[in-house]
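The end of the sequence shown is residue 488 by numbering that gives the first Met the number 0, with every number in the run present.
All residues carry an ideal CB built from backbone N, CA and C; glycine is no exception.
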Amino acid sequence: MHLKDASFDAVITDKNGLTLEVDCRVTEPAASGLPASISIEIPLSDKKQDLLKNPCTLRGTNDGFEIEIKELRYRSIPAGVTRRKHARGTFNINHAGHLWVRQSHWKSEQGQLRFLLSPVRFFKKHSSAAMVNYATTPNMTVELFKLQTAELGEIRFVKFWSVHHVDKKGVSAEIRTSFAAEILCNEMTTAPIEQLVERMKAVLTPLSILTRQAITLHGWVWEKRESIETMWVDPLDPNLAPDMAEEPVEDVCLPRDFVANAQALVDKFLGAPPDTRKAITLISVALAPHVKRSTAENFSALFSTLEQIIALEKLTKEERQKLRESDAEVIAGLLDLKSRLETTSSPNAASVAARIEGFAKSVEGSGPSFNVRFEKFQAAYPKLAFYMSDLWPLRGTAKLPGLKQIRDSLAHGRQQEYSMHAIAVAHWHFARLAERLAFIVLDIDVPRGLHFGSVLLKWEPWYDRSEWNAVRASCSTDHAKRVMNASAP
């Protein structure tokens with residue numbers, strides 16, 4: 000049963016144990032992805048009260064429901080005293096970490112744990128979700144797909160809905176849909192809920208790569224034999240992940256292959272070593288960020304992730320001692336400058352020369368270049384060369400920049416060297432490379448939708464070689480024009 004507009008007496012306890020009786024009104028989110036409504040009023044009196052210290056916890060009961068709000072933080076509360084009877088002040092809520100609701104009068108034949116998920120585009124457009132006939136589905140639930148895991152057993156991804164009475168612009172009722180992942184979870188389950196939540200989040204990490212949008216966990220509903228518990232995470236401001244790309248692509252794999260690809264990706268990810276799981280998690284977050292970022296920021300995040308991925312291949316002692324391509328010249332130039340400074344009569348010559356020598360040593364000890372590390376990684380994954388051959392090259396030249404040259408300009412604050420269109424097209428190619436890398440590193444066949452020349456990729460205009468080659472070539476012309484404009488009197 001949904002907690003709607005419940006009004007009740009409650010007690011707030013602050014971090015130091017100080018308590019305050021309040022009036023509270025709560026409405027649970029009508030669906031995953033929608034916010035809860037929480038309002039708190041404080042009875043004012045003629046006696047001054049001590050201020051509560053954040054964070055606080057609120058507890059109360061209402062008609063068989065137990066309600067608890069954890070990590071409750073306020074921006075301001077009424078201070079001072081009043082002689083008015085029944086005066087109320089507003090508890091100005093800044094943040095609520097968890098909204099927990101428990102109902103004891105509940106009977107369930109089998110225990111079920113339903114993880115509430117963000118309504119990402121893939122869930123909404125899944126054929127079972129898009130074609131559902133609400134009038135002929137009395138249980139108000141439709142299954143999208145299923146996965147099997149060793150730790151959680153069978154996971155059913157579902158769409159479910161409820162009818163809400165409204166009164167706006169001639170509409171009297173509306174259907175509000177949610178999405179969830181369900182597992183059977185009875186009294187024999189010994190793992191604490193926090194552990195089950197973390198296991199589910201681990202499943203959502205690789206799935207976010209396949210759906211090209213971060214699938215976030217908004218809470219859970221646990222139907223037990225004698226009670227039902229609901230927990231909403233950050234209930235006042237659910238995190239609805241944006242599409243990453245400015246030109247979003249719909250599918251990583253063909254629809255008929257989705258379950259097989261998802262099962263393989265989840266299995267390999269959950270069974271991977273910790274450093275590999277960390278690298279794949281970084282790919283997932285870079286490809287499907289949880290918050291809105293600019294294309295340039297997404298581009299930089301992808302490159303940082305690439306550096307973490309190639310670090311999976313450990314260098315030998317000899318490889319770690321290799322200098323970058325230009326390091327020898329930099330060191331020679333610094334030492335020559337040091338020698339010339341030492342012959343001057345400047346009172347600061349000695350200290351400046353010592354600092355220059357320190358710079359030379361830092362260059363010498365900075366380790367191998369990106370190119371050295373990438374060659375090592377590519378040698379360990381030989382099929383990577385094929386999966387890079389149809390994309391914007393990783394390494395290029397000043398006239399024909401690769402992804403690395405664009406990243407270097409962004410990292411040094413020279414974003415103006417490239418047009419926003421060029422960065423967007425290069426970013427699109429970088430994202431496809433990162434997606435392929437996730438499968439290659441986990442030793443899984445790259446989905447047919449991501450293959451060289453696949454039908455799904457050919458639908459994307461930026462995949463056309465003549466298109467992106469022209470954009471890449473224009474980068475040199477644009478750069479030359481900007482240099483001329485900058486040097487013009």
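Three or more beta-carbon pairs drawn from the region 385-401 and the region 428-439 are found closer than 8 Å, and the two stretches are therefore classed as touching.
If you look at Ala5, you'll find it isn't in any alpha helix (DSSP H); it sits in the beta strand (DSSP E) that goes Ala5 to Thr12.
Gln377 sits in a helix when the DSSP states are folded into three classes.
For the 8 Å CB-CB criterion, Val162 and Ala278 do not form a contact. Inclusion of Lys52 and Asn15 in the CB contact set at 8 Å is warranted, their separation being smaller than that value. CA-to-CA, the gap between Lys200 and Ala348 works out to about 58 Å. Going by beta carbons, Leu209 and Cys252 fall inside the 8 Å limit.
Three or more Cβ pairs closer than 8 Å define a contact, and the region 109-116 meets that threshold against the region 172-187.
If the five residues before and after Glu142 are omitted, its C-beta is found closer than 7 Å to the C-beta atoms of Ser127, Arg155 and Val157, all from its own chain and listed in chain order. Annotation: Phe144 is outside any alpha helix (DSSP H); the continuous beta strand (DSSP E) that includes it extends over Thr140 to Thr148. By the Cβ neighbour-count rule, Phe429 is buried, with 16 or more other Cβ atoms within 10 Å of its own. In the DSSP assignment, Ser38 falls within the unbroken beta strand (DSSP E) covering Ser36 to Pro42.
Under the three-pair Cβ rule at 8 Å, the region 226-236 does not count as touching the region 461-477. Per DSSP, Leu301 lies in no beta strand (DSSP E); the unbroken alpha helix (DSSP H) holding it starts and ends at Thr294 to Ile309. Taking a cut-off of 8 Å for Cβ pairs, the region 251-268 and the region 189-200 do not touch, as fewer than three such pairs fall below it. Pairwise C-beta distances place the region 296-310 out of contact with the region 259-266, as fewer than three of them are shorter than 8 Å.
Counted as a single uninterrupted DSSP element, the stretch harbouring Ala397 is not any beta strand (DSSP E), since DSSP gives it neither H nor E. The beta carbon of Ala421 is closer than 6 Å to those of Val470 and Cys474 in its chain, skipping five residues each way along the sequence. Per DSSP, the continuous beta strand (DSSP E) segment holding Ala95 begins and ends at Asn91 to Gln102. Across the set Leu2, Glu40 and Val21, the C-alpha of Leu2 shows the shortest separation from the C-alpha of Ala29. Here Ser453 is buried. Its C-beta has 16 or more other C-beta atoms within 10 Å.
The beta carbon of Val202 sits closer than 8 Å to the beta carbons of Leu146, Thr148, Leu151, Ile154, Ala180, Val265 and Leu269 from its chain, once the five residues preceding and following it are set aside; these are given in chain order. Burial state of Val290 is exposed, judged by a 10 Å Cβ sphere holding fewer than 16 other Cβ atoms.
In its chain, beyond the 5 residues on either side, Gly401 and Gln404 have a beta carbon closer than 6 Å to the beta carbon of Gly395.
CA-to-CA, the gap between Gln48 and Ala9 works out to about 17 Å. Arg72 is positioned such that its CB atom lies no closer than 8 Å to that of Ser226. In the DSSP assignment, the residues bridged to Val232 are His97. Pairing Asn91 with Ser31, the inter-Cα distance amounts to about 24 Å. A distance below 6 Å between beta-carbons, with the five flanking residues on each side excluded, links His125 to the following residues of its chain, in chain order: Leu143. In its chain, beyond the 5 residues on either side, Ile443 have a beta carbon closer than 7 Å to the beta carbon of Ala263. Arg87 and Ile76 have their C-alpha atoms roughly 11 Å apart.
CA-to-CA, the gap between Ala213 and Val284 works out to about 7 Å. For Ile76, the three-state secondary structure derived from DSSP is coil. By the C-beta density criterion, Gly412 is exposed, having fewer than 16 other C-beta atoms within 10 angstroms.
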